[in-house]
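Those protein sequence lines, which keep their order, are chains F and P. The opening position of the first sequence corresponds to residue 1 in our numbering, with each subsequent residue numbered one higher. The opening position of the second sequence corresponds to residue 298 in our numbering, with each subsequent residue numbered one higher. Below is one structure; the comments refer to it alone.
Number of protein chains: 2
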Amino acid sequence: MISEKKILKTFQHLINTSDADDLIEVGSGDDAAVLDTKGKNIVHSLDISKVGTHFPPNFLPEDIAYRSVAVALSDLAAMGAYPSFMTIGLTSNSKDLKWYEDFAKGIENSIKDFKIELVGGDVTFGEISICVNVFGFLYDKPLKRSGAMPGEKIFVTGTLGIGKKGLDDVTNDVDSIYSQKFRRPEPQFLKSEFISKLASSCIDISDGLIKDLSSICSMSNVGANIKFEDIPILKDVADLSYGDDFELCFTISEANSLFLDESDYFCIGEIIEGNEILLFKNNNLITIETDGWDSFK
Amino acid sequence: MISEKKILKTFQHLINTSDADDLIEVGSGDDAAVLDTKGKNIVHSLDISKVGTHFPPNFLPEDIAYRSVAVALSDLAAMGAYPSFMTIGLTSNSKDLKWYEDFAKGIENSIKDFKIELVGGDVTFGEISICVNVFGFLYDKPLKRSGAMPGEKIFVTGTLGIGKKGLDDVTNDVDSIYSQKFRRPEPQFLKSEFISKLASSCIDISDGLIKDLSSICSMSNVGANIKFEDIPILKDVADLSYGDDFELCFTISEANSLFLDESDYFCIGEIIEGNEILLFKNNNLITIETDGWDSFK
Numbered sequence: 001m002i003s004e005k006k007i008l009k010t011f012q013h014l015i016n017t018s019d020a021d022d023l024i025e026v027g028s029g030d031d032a033a034v035l036d037t038k039g040k041n042i043v044h045s046l047d048i049s050k051v052g053t054h055f056p057p058n059f060l061p062e063d064i065a066y067r068s069v070a071v072a073l074s075d076l077a078a079m080g081a082y083p084s085f086m087t088i089g090l091t092s093n094s095k096d097l098k099w100y101e102d103f104a105k106g107i108e109n110s111i112k113d114f115k116i117e118l119v120g121g122d123v124t125f126g127e128i129s130i131c132v133n134v135f136g137f138l139y140d141k142p143l144k145r146s147g148a149m150p151g152e153k154i155f156v157t158g159t160l161g162i163g164k165k166g167l168d169d170v171t172n173d174v175d176s177i178y179s180q181k182f183r184r185p186e187p188q189f190l191k192s193e194f195i196s197k198l199a200s201s202c203i204d205i206s207d208g209l210i211k212d213l214s215s216i217c218s219m220s221n222v223g224a225n226i227k228f229e230d231i232p233i234l235k236d237v238a239d240l241s242y243g244d245d246f247e248l249c250f251t252i253s254e255a256n257s258l259f260l261d262e263s264d265y266f267c268i269g270e271i272i273e274g275n276e277i278l279l280f281k282n283n284n285l286i287t288i289e290t291d292g293w294d295s296f297k
Numbered sequence: 298m299i300s301e302k303k304i305l306k307t308f309q310h311l312i313n314t315s316d317a318d319d320l321i322e323v324g325s326g327d328d329a330a331v332l333d334t335k336g337k338n339i340v341h342s343l344d345i346s347k348v349g350t351h352f353p354p355n356f357l358p359e360d361i362a363y364r365s366v367a368v369a370l371s372d373l374a375a376m377g378a379y380p381s382f383m384t385i386g387l388t389s390n391s392k393d394l395k396w397y398e399d400f401a402k403g404i405e406n407s408i409k410d411f412k413i414e415l416v417g418g419d420v421t422f423g424e425i426s427i428c429v430n431v432f433g434f435l436y437d438k439p440l441k442r443s444g445a446m447p448g449e450k451i452f453v454t455g456t457l458g459i460g461k462k463g464l465d466d467v468t469n470d471v472d473s474i475y476s477q478k479f480r481r482p483e484p485q486f487l488k489s490e491f492i493s494k495l496a497s498s499c500i501d502i503s504d505g506l507i508k509d510l511s512s513i514c515s516m517s518n519v520g521a522n523i524k525f526e527d528i529p530i531l532k533d534v535a536d537l538s539y540g541d542d543f544e545l546c547f548t549i550s551e552a553n554s555l556f557l558d559e560s561d562y563f564c565i566g567e568i569i570e571g572n573e574i575l576l577f578k579n580n581n582l583i584t585i586e587t588d589g590w591d592s593f594k
């Protein structure tokens with residue numbers, strides 16, 4: 001019988017317990033962690049990743065761990081923040097200790113890649129679900145969703161549709177650059193830092209461009225005018241309504257947009273007065289379906 | 298069909314979105330929350346509560362919500378900290394919007410009772426599981442598990458075994474003071490504040506007195522000598538190995554123990570050299586079984 005104690009041991013070496021650490025006053029192993037944030041504002045986000053919903057049943061434990069952390073961190077990048085520390089609530093029904101060791105390897109790689117510290121967590125038994133809490137600090141100002149202004153340019157940081165193709169390939173056991181990116185998503189911290197002084201609003205594309213841009217528009221009380229031909233997509237218009245790309249979508253004044261390198265940032269349209277998102281393809285207004293959660297015109 | 302958007306709406310009124318708030322720089326609704334902790338150290342703990350493991354299948358959504366928050370907060374009390382804000386990751390397989398409305402009522406009551414702010418969260422579909430992240434600030438110094446010294450007195454703050462009886466009553470649909478306490482556990486914040494200047498080590502009794510006292514002993518490199526007759530218990534010796542009481546167990550110097558009111562704090566023994574917990578009943582050394590996770594003599 002596998003015990004909680006044995007499971008926790010597979011993570012023990014990853015948890016920073018040093019009281020001498022710059023951040024950690026009291027490390028994990030006690031009832032709670034005590035953290036010294038040096039007076040800086042904390043940026044926090046929480047993300048649940050669940051088997052069947054956020055990754056397919058054949059997804060490996062190391063990949064589950066890494067992807068869960070990366071996906072949660074994308075929200076920090078979208079807010080103009082860099083990672084500092086995290087806690088993980090793991091629910092798993094595996095009775096195989098190797099599953100937990102492999103999961104721990106994925107966490108370890110995420111710790112290295114994102115320069116983040118694991119400061120605590122909890123483990124319980126049940127259908128696989130990872131609740132990741134990430135904490136970070138601002139590069140500059142917070143990149144809120146509510147700062148878009150009419151006349152500003154709308155940019156995305158990369159090709160959309162890669163997340164969808166990655167999920168298809170992982171589900172079908174196809175090894176490709178897309179399945180690799182699905183297993184190791186890259187939160188856009190470098191671009192977040194670069195635009196944090198320049199952009200007016202920002203969101204990460206986790207629910208699909210149209211839905212996510214809708215969030216910026218509704219929170220900023222503006223509309224948007226976007227041109228299909230200018231959007232970097234992998235395949236077709238469906239790539240606009242599927243998420244999991246974890247690129248950033250942001251708005252920026254025309255003057256500030258001159259600082260952006262055209263090979264890294266793609267202008268897809270502009271913010272307008274009103275409350276509609278107008279998508280043009282060959283100068284014709286087109287309508288695309290989202291998954292029904294939000295209305296879209 | 299119930300949508301994530303509809304579910305989130307049932308919680309919307311509970312989330313503090315005011316940017317003018319003292320704590321909150323950027324409220325929920327954005328990619329992440331930005332929090333101003335005024336330079337104070339943050340105390341953080343995470344707790345997963347799961348149907349079948351932490352509460353029975355017939356537990357009502359309002360009670361699930363309230364208990365999940367209270368249980369998580371008990372770790373802050375054990376660390377000598379008071380609550381400030383929280384985030385909640387909710388997984389539920391209910392397709393009934395009323396379930397979420399009732400859950401939200403439980404959260405609302407916990408917000409009122411514990412003077413805590415909800416600053417964000419996530420919702421996903423699956424077997425019921427609540428991942429609660431609580432954040433607070435220290436009353437005085439951190440009440441670590443590692444501070445116990447030989448010669449100190451060991452105290453508990455209340456009767457043990459009430460959690461076990463409460464679970465039995467809830468499971469059997471018996472309405473009693475015990476089932477009521479199971480639905481509305483009380484983290485010991487008042488006592489935590491009072492002892493925060495006085496005690497040397499502290500833990501909350503969530504896994505059973507013997508296991509939890511073992512944690513203090515192993516982290517402090519000491520042993521303990523406890524007297525069964527002095528332990529306030531509801532029923533029998535089994536009450537020492539079952540948890541969920543959420544009383545505090547702490548150690549304190551004899552001099553400081555004179556400040557404690559005998560009707561609120563119960564001395565059950567003392568810290569000794571060594572690494573064993575010795576339990577005496579009628580002056581005879583007895584051995585009790587824990588659930589096998591920790592050795593115990």
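No residue lacks a Cβ here, since even glycine has one placed at the ideal position from N, Cα and C. Small disclaimer: the values here were computed from a predicted structure and weren't measured.
Notebook entry, point to check: Is N338 (chain P) near M383 (chain P), with beta carbons less than 8 Å apart?
Noted result: no
Check: How should E117 (chain F) be labelled, buried or exposed, when 16 other C-beta atoms within 10 angstroms of its C-beta is the threshold for buried?
Finding: buried
Next item on the list: Just tell me which of F:R67, F:L213, F:I195 has its CA closest to the CA of L143 (chain F).
Entry: F:I195
Margin query: Any beta carbon from chain P within less than 8 Å of Q12 (chain F)'s own beta carbon?
Written below: no
Check: Hey, would you say the C-beta of C564 (chain P) is under 7 Å away from at least one heavy atom of the ligand MN?
Finding: Only the bare structure without any ligand can be found here, which leaves the ligand MN out of the picture.
Item checked: Exposed unless 16 or more other CB atoms sit within 10 angstroms - verdict on Q188 (chain F) -> buried
Next item on the list: Could you spell out where the beta strand (DSSP E) holding P83 (chain F) opens and where it closes?
Entry: 81-92
Next item on the list: Please compile the residues from chain P whose C-beta is within a distance smaller than 9 Å of the C-beta of A238 (chain F).
Entry: In chain order: nothing, as chain P lies at least about 20 Å away.
Item checked: Beta carbon of N53 (chain F) nearer than 8 Å to that of F422 (chain P) -> According to the sequence displayed, residue 53 (chain F) carries Thr and not Asn. Yes. Within cutoff.
Check: By the 10 Å Cβ neighbour count, where 16 or more other Cβ atoms means buried, how is F59 (chain F) classified, buried or exposed?
Finding: buried
Item checked: Segment limits, beta strand (DSSP E) that includes V431 (chain P) -> 426-435
Item checked: 6 Å CB neighbourhood of S68 (chain F) in its chain, flanking five on each side removed -> S49, I130, V132
Check: Using a Cβ cut-off of 9 Å, which residues of the stretch 324-343 of chain P contact any Cβ in chain B, in chain order?
Finding: Among the chains of the structure shown, chain B does not appear; the protein chains present are F and P.
Note to self: So, with DSSP's three-state summary, where would you put L311 (chain P)?
What the structure shows: coil
Note to self: I'd like the span of the beta strand (DSSP E) that includes K38 (chain F), first residue to last.
What the structure shows: Taken as a continuous stretch (DSSP letters only), K38 (chain F) belongs to no beta strand (DSSP E), as it is neither H nor E.
Checklist line | Cβ-Cβ distance between K153 (chain F) and E254 (chain F) below 8 Å | finding: yes
Next item on the list: Going by CA-CA distance only, name the one from F:K211, F:S84, F:K5, F:A199 that's closest to L278 (chain F).
Entry: F:K211
Item checked: G433 (chain P) vs L373 (chain P) beta-carbon contact at 8 Å -> yes
Notebook entry, point to check: Excluding the five sequence neighbours on either side, which residues of its own chain have a C-beta within less than 6 Å of the C-beta of W590 (chain P), listed in chain order?
Noted result: With a pLDDT of only 34 at W590 (chain P), under the threshold of 50, the placement of this residue in the model should not be trusted; the figure read from the coordinates follows. So the list is empty, once near-sequence residues are dropped.
Next item on the list: Using three-state DSSP, classify V323 (chain P) as helix, strand or coil.
Entry: strand
Check: Taking one C-beta from the stretch 301-315 of chain P and one from the stretch 173-186 of chain F each time, how about it: are there three or more such pairs within less than 8 Å?
Finding: no
Notebook entry, point to check: Among P:I583, P:K478, P:F452, P:D561, which has the Cα closest to the Cα of D506 (chain P)?
Noted result: Here residue 506 (chain P) is Leu; the residue named in the question, Asp, does not match the sequence. When each option's Cα is compared against that of L506 (chain P), the closest is P:F452.
Item checked: Stretch pair the stretch 261-277 of chain F + the stretch 219-228 of chain F: three plus CB contacts closer than 8 Å -> yes
Next item on the list: Please check the pair A298 (chain F) and A329 (chain P), which I expect to be a contact at CB under 8 Å, by giving their CB distance rounded to whole angstroms.
Entry: Nothing about residue 298 (chain F) can be read from this structure; chain F reaches only from 1 to 297.
Notebook entry, point to check: Along chain F, which residues have their Cβ under 9 Å away from the Cβ of P439 (chain P)?
Noted result: E25, V26, D30, A32, V34
Check: Quick one: what's got a C-beta closer than 7 Å to D319 (chain P)'s C-beta in the same chain, skipping five residues either side?
Finding: none
Next item on the list: Return the CA-CA distance between D541 (chain P) and G417 (chain P), expressed in angstroms with no decimal places.
Entry: 27 Å
Next item on the list: With DSSP as the reference, label S497 (chain P) as helix, strand or coil.
Entry: strand
Checklist line | Rounded C-alpha distance that separates V123 (chain F) from D264 (chain F) | finding: 40 Å
Note to self: Using only CA atoms, which one of P:M516, P:Y436, P:L464 lies nearest to K494 (chain P)?
What the structure shows: P:Y436
Item checked: Under 9 Å by beta carbon: chain P residues contacting M86 (chain F) -> Simply none; closest approach about 10 Å.
Notebook entry, point to check: Is any beta-carbon of chain P found at less than 8 Å from that of I177 (chain F)?
Noted result: no
Check: Skipping 5 residues on each side, what residues in its chain have a beta carbon closer than 7 Å to that of Q477 (chain P)?
Finding: none
Item checked: Identity of the residue in F:I128, F:N275, F:E193 nearest L260 (chain F) by Cα -> F:E193
Margin query: Using a Cβ-Cβ cutoff of 7 Å, what residues of the stretch 416-428 of chain P are near chain F? List them in chain order.
Written below: G417, G418, D419, T421, F422, G423, E424, S426, C428
Margin query: If you reduce the DSSP assignment to three classes, tell me which class D230 (chain F) lands in.
Written below: helix
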